[in-house]
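For the sequence shown, this note's numbering assigns the number 1 to the initial residue and increments by one for each residue that follows.
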Amino acid sequence: MIYIKDSWLEVNFEEPHNVLSWALIGGGWKEQVDCVLWHRVKDEDLTLEVDPIDYFYKSLLYKKESRNGVGFLTSVSLENYSEVILEKQNLKIRSVVTVGLGNSVRIGDPPFQSNSYGTINILVQCSIPFDLNTSLEAVSLITEARTLAVLEAKIRCKTGLATGTGTDCIAFASPSCISTKRYTGKHTLSGHLIGKAVYQSVSQGISNWKKSKFKVKTKRCEYPLSL
């Protein structure tokens, strides 16, 4: 279930999940997770003087959030999220994505301070339990699928075609049960569904981002600033 209210998007699990991520809140290997949260911020909210983790925790306190969760930060419209669900042979993969490409970069670019924020946040939920090793392999597939979608979108950055942004984040979630799944490579059904779902959802998210940018530009043209 996806729930959006104010500056929050929530993906609530029907049963506790184990989540592997490098999210600001709940990063690492976290067990018995109830939900994954997206919190939308404005560029001016996160100046260089602001610690994003402290900012997020204060936002959770203000929200009175007490569940065991994992948290993403984003500056894009939460309404523009994309979701793809694929199911085959009693295996279901769900990918929920928000895309912002305001600070797009190419892998290996020199470090720099971007004037704007933009992040690709990806949550992939699997219907069968994965242990830590298999979850690590799943994250590698998610990363590969995201990169392919960004490359095919031909997003330009300073040094060529972008492969992502400087602040992308990925979370992989599966039920908190004993796992018998040992592999999830590209040759497996789970690997196939993970890669396809992420590729499709990131591609759709990029399309949503491009459309939102076009709307902003059109609005500025309709209401030009007076000189």
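Cβ atoms here follow ideal geometry from the backbone N, Cα and C, with glycine treated the same way.
Give me, in chain order, the residues of the same chain whose beta-carbon lies closer than 8 Å to that of residue i; leave out the 5 immediate sequence neighbours on both sides.
| i | result |
| --- | --- |
| aspartate 261 | The question about residue 261 has no answer here: the residues shown for the chain are numbered 1 through 227. |
| glutamate 15 | Pro175 and Ser176 |
Pull up the distance between the alpha-carbon of residue i and that of residue j, whole angstroms please.
| i | j | result |
| --- | --- | --- |
| leucine 91 | arginine 146 | 21 Å |
| methionine 1 | valine 11 | 6 Å |
| serine 66 | serine 82 | 26 Å |
| asparagine 103 | tyrosine 62 | 28 Å |
| valine 50 | aspartate 43 | 11 Å |
| glutamine 204 | lysine 64 | 32 Å |
| alanine 153 | leucine 161 | 9 Å |
| aspartate 6 | isoleucine 142 | 28 Å |
| proline 110 | leucine 48 | 19 Å |
| glutamate 137 | tyrosine 3 | 29 Å |
| valine 36 | valine 70 | 5 Å |
| glycine 191 | serine 114 | 34 Å |
| cysteine 234 | phenylalanine 112 | Outside the shown range of the chain, which is 1 to 227, sits residue 234, and nothing can be said about it. |
| threonine 165 | glycine 27 | 19 Å |
Excluding the 5 residues preceding and the 5 following residue i in the sequence, name in chain order all residues of the same chain whose CB lies nearer than 6 Å to its CB.
| i | result |
| --- | --- |
| glutamine 125 | Arg94 and Ala173 |
| leucine 227 | Residue placement at leucine 227 is poorly supported in this model, since its pLDDT is 34, which falls under 50; the coordinates are not used for a value here. |
| glycine 195 | Leu141 and Ala145 |
Does the distance from the CB of residue i to the CB of residue j come in under 9 Å?
| i | j | result |
| --- | --- | --- |
| threonine 134 | lysine 186 | no |
| threonine 167 | isoleucine 107 | no |
| isoleucine 122 | valine 97 | yes |
| isoleucine 206 | isoleucine 155 | yes |
| serine 179 | aspartate 131 | yes |
| asparagine 18 | tryptophan 8 | no |
Going by Cα to Cα distance, which pick from the options is closest to residue i?
| i | options | result |
| --- | --- | --- |
| lysine 88 | Gly205, Ser207, Lys211 and Leu189 | Leu189 |
| serine 59 | Phe72, Thr184 and Ser203 | Phe72 |
| proline 52 | Ser203, Gly191 and Ile25 | Ile25 |
| serine 212 | Trp22, Phe13 and Asn80 | Asn80 |
| phenylalanine 13 | Thr184, Cys157, Gly195 and Ser127 | Ser127 |
| proline 129 | Cys157, Thr165 and Thr184 | Thr184 |
Between residue i and the rest of its own chain, which residues show a CB-CB distance below 7 Å, the 5 nearest in sequence each way excluded?
| i | result |
| --- | --- |
| asparagine 68 | Gln32, Val33 and Asp34 |
| threonine 74 | Trp38, Arg40, Thr98, Gly100, Thr119 and Asn121 |
| valine 139 | Leu20, Ile170 and Phe172 |
| leucine 193 | Leu86, Lys88, Leu91 and Ile93 |
| lysine 210 | none |
| asparagine 208 | Asn80, Ser82 and Val99 |
| threonine 159 | Arg106 and Asp109 |
| alanine 23 | Val70, Gly71, Phe72, Cys169 and Ala171 |
Return yes when the C-beta of residue i is under 8 Å from any heavy atom of the ligand MN, and no when it is not.
| i | result |
| --- | --- |
| lysine 158 | Because no ligand of any kind appears in the structure shown, any question about the ligand MN cannot be addressed here. |
Three or more C-beta pairs below 8 Å linking the region 195-214 and the region 146-159: Yes, they touch.
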